[in-house]
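Before any comments, here is the structure.
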Amino acid sequence: MNMNRQDGIVIEVPKEFNFQQNMNYMSRSSNECMFEIRDNTIIKAISVSDKDYLIEVSEAADGNLLLRFLGDAQIENENAYDDVIRYVRDWFDLDRDLKPFYDMAQKDPLLQTAVVEFYGLRNIGIPDLFEAVAWGIIGQQINLTYAYTLKKRFVETYGRSMEWDGHRYWIFPEAKDIAKLTVEELSSIKTTTKKCEYLIKVAELLEKGELSKPLIKSSGSIKEAEKRLTSIRGIGPWTANYVLMRCLRFPDAFPIDDVGLHNAIKHLTGSERKPTKEEILKLAAPWENWEAYATFYLWRYLY
DNA sequence: GGCCAGGTGGCCA
DNA sequence: TGGCCACATGGC
């Protein structure tokens, strides 16, 4: 492995990977505050093993990913490299074999065009559980543009940041800091009282260790994982499946109540109305165990 | 100005 | 279980 800090570290990608497709997805909102797209590279502040790093991910000449450390992050040992590489592999879902998905999808009426048009797109994840849940709660029942505005307010009020080359890069607020807040304090970001309650409660559960990635992963099935999440106030079936899909990486996570999914299906089928739940279940039957990727690809039709 | 947002909890039958 | 309804405000 190339460990030269100056040249960057090459992270090998699977065959079913296309840098530009993932960039296109990540460029979907100009109001995204958790990373920056600049000169066809992604720059992001991350917290891994209790250390903050500023990283740049770009495309290497051979099509692999190139990881560079920016700023004055102290790389103390080889383990730190491994931690960050693992983070990036998880973030881009590089260790999943998409061939079975593509084999299935090219025969599927709803997906066959999508997998050609977006070939090489990965389910870009939200590795931090608190961020994934909070983003889900914040985004409930509001338009995506406004959701990005609220997230930005939340992050810039309660997160910490690193500055580099005249830009500021944010790390998502930590659960332990949000758990201390009152609803009144948190409502300064101007979201609903209920969402403030939910966010603080989730932060408390994470802080107490009553909610964690290993705990959810240890669930016997997706149904149990979903149940564990929906037992928490503010997390319904949509949020639970969203989190299982973007953070826990359950391939069969399926946010079937998602209005974006409904609109994508409406668009692709040329229907005048949104599909019913029964119609979606029927359309999605062939997607078994690939519902998360199917949903992720169909979302690409919305921007 | 009015409808719609990457929903959820609570109440009711 | 399944059907309503309040929530609560911005985007377009």
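Going by the working numbering, the final residue of the first sequence carries number 1204, and the count climbs one at a time with no gaps.
Each residue gets a CB set at the ideal place from its N, CA and C atoms; glycine is no exception.
The alpha helix (DSSP H) enclosing Leu967, as first and last residue numbers: Taking the first sequence and counting its residues from 1, one reaches residue 967 at position 66. Run containing Leu967: none in the alpha helix (DSSP H); it sits in the beta strand (DSSP E), Leu966 to Leu971.
Helix, strand or coil at Ile1157 [DSSP, three-state]: Against the first sequence, residue 1157 aligns to sequence position 256. Ile1157 falls in the coil class under three-state DSSP.
Where the beta strand (DSSP E) containing Ala946 begins and where it ends: By 1-based counting over the first sequence, the position of residue 946 is 45. Run containing Ala946: Thr942 to Val949, per the beta strand (DSSP E) assignment.
Continuous alpha helix (DSSP H) stretch holding Asp984: start and end: Taking the first residue of the first sequence as position 1, residue 984 is located at position 83. Looking at the DSSP string, the run of the alpha helix (DSSP H) that includes Asp984 is Glu979 to Trp992.
Stretch pair the region 957-966 + the region 1089-1109: three plus CB contacts closer than 8 Å: no
As assigned by DSSP and simplified to three states, the class of Asp953: As a working mapping, residue 953 is identified with position 52 in the first sequence. It is a strand residue.
Sequence-distant residues of its chain with Cβ nearer than 6 Å to Thr1196 (five each side left out): Against the first sequence, residue 1196 aligns to sequence position 295. Leu1162.
Ile1133 vs Leu1100 beta-carbon contact at 8 Å: Here residue 1133 refers to the residue found at position 232 when the first sequence is read from its first residue. Here residue 1100 refers to the residue found at position 199 when the first sequence is read from its first residue. The Cβ atoms of Ile1133 and Leu1100 do not sit closer than 8 Å to each other.
Same chain, Cβ closer than 7 Å to Arg1061, neighbours up to 5 away in sequence not counted: Your numbering for residue 1061 matches position 160 in the first sequence. Result list for Arg1061: Ile1072, in chain order.
Beta carbon of Val1144 nearer than 8 Å to that of Val1034: Within the first sequence, the letter at position 243 stands for residue 1144. Within the first sequence, the letter at position 133 stands for residue 1034. A contact, by the Cβ cut-off of 8 Å.
Reduced DSSP category for Trp1191 - H, G, I as helix; E, B as strand; rest coil: Taking the first residue of the first sequence as position 1, residue 1191 is located at position 290. DSSP places Trp1191 in coil when its eight states are reduced to three.
8 Å contact criterion, which Leu971 and Val985 should meet: CB distance rounded: Reading the first sequence from its first residue, position 70 is the one you call residue 971. Reading the first sequence from its first residue, position 84 is the one you call residue 985. So it is not a contact: roughly 12 Å between Cβ atoms.
Proximity of Ile1090 and Arg1054 at Cβ, strictly below 8 Å: Against the first sequence, residue 1090 aligns to sequence position 189. Against the first sequence, residue 1054 aligns to sequence position 153. Yes, these two residues count as a Cβ contact at 8 Å.
Limits of the beta strand (DSSP E) - the one that Met1063 falls within: Translated into positions along the first sequence, residue 1063 becomes position 162. Its beta strand (DSSP E) spans residues Arg1061 to Trp1065.
Neighbour-count burial assignment, Lys1052, 16 or more Cβ in a 10 Å radius: Start at 1 with the first residue of the first sequence, and residue 1052 comes out as number 151. Looking at its Cβ environment, which holds 16 or more other Cβ atoms inside 10 Å, Lys1052 is buried.
Gly1171 versus Leu1011, Tyr954, Pro1001 and Tyr1003, residue with shortest Cα-Cα distance: Walking along the first sequence from the start, residue 1171 turns up at place 270. Looking at the Cα atoms, Leu1011 is the closest of the given residues.
Among Leu1169, Leu1203 and Asn1142, the one whose alpha carbon lies nearest that of Glu1192: Reading the first sequence from its first residue, position 291 is the one you call residue 1192. Ranking Leu1169, Leu1203 and Asn1142 by Cα distance to Glu1192 puts Asn1142 first.
Tyr1198, DSSP secondary structure in three states: Residue numbering aside, residue 1198 sits at position 297 when the first sequence is read from its first letter. Helix.
Arg1069: first and last residue of the uninterrupted beta strand (DSSP E) it sits in: Start at 1 with the first residue of the first sequence, and residue 1069 comes out as number 168. For Arg1069, the enclosing beta strand (DSSP E) starts and ends at His1068 to Ile1072.
N-terminal and C-terminal residue of the beta strand (DSSP E) that Val911 is part of: Counting from one through the first sequence, the residue named residue 911 turns up at place 10. In the DSSP assignment, Val911 falls within the unbroken beta strand (DSSP E) covering Ile910 to Ile912.
Tyr1204 beta carbon near the ligand HEM (any heavy atom closer than 7 Å): In the structure on display, the ligand HEM does not appear, and there are no ligands present to speak of.
Exposure of Val1016, with buried meaning 16 or more beta-carbon neighbours within 10 Å: The residue labelled residue 1016 in the question sits at position 115 within the first sequence. When all chains shown are included, Val1016 counts as buried.
Inter-residue Cα distance where the pair is Glu1086 and Glu1075: Residue mapping note: residue 1086 aligns to position 185 of the first sequence, counting from 1. Residue mapping note: residue 1075 aligns to position 174 of the first sequence, counting from 1. Each residue's Cα considered, the two are about 16 Å apart.
Integer Cβ distance of Asp1009 from Pro1187, believed to fall under 8 Å: Here residue 1009 refers to the residue found at position 108 of the first sequence. Here residue 1187 refers to the residue found at position 286 of the first sequence. Yes, they are in contact, since the Cβ atoms of Asp1009 and Pro1187 sit about 5 Å apart, within 8 Å.
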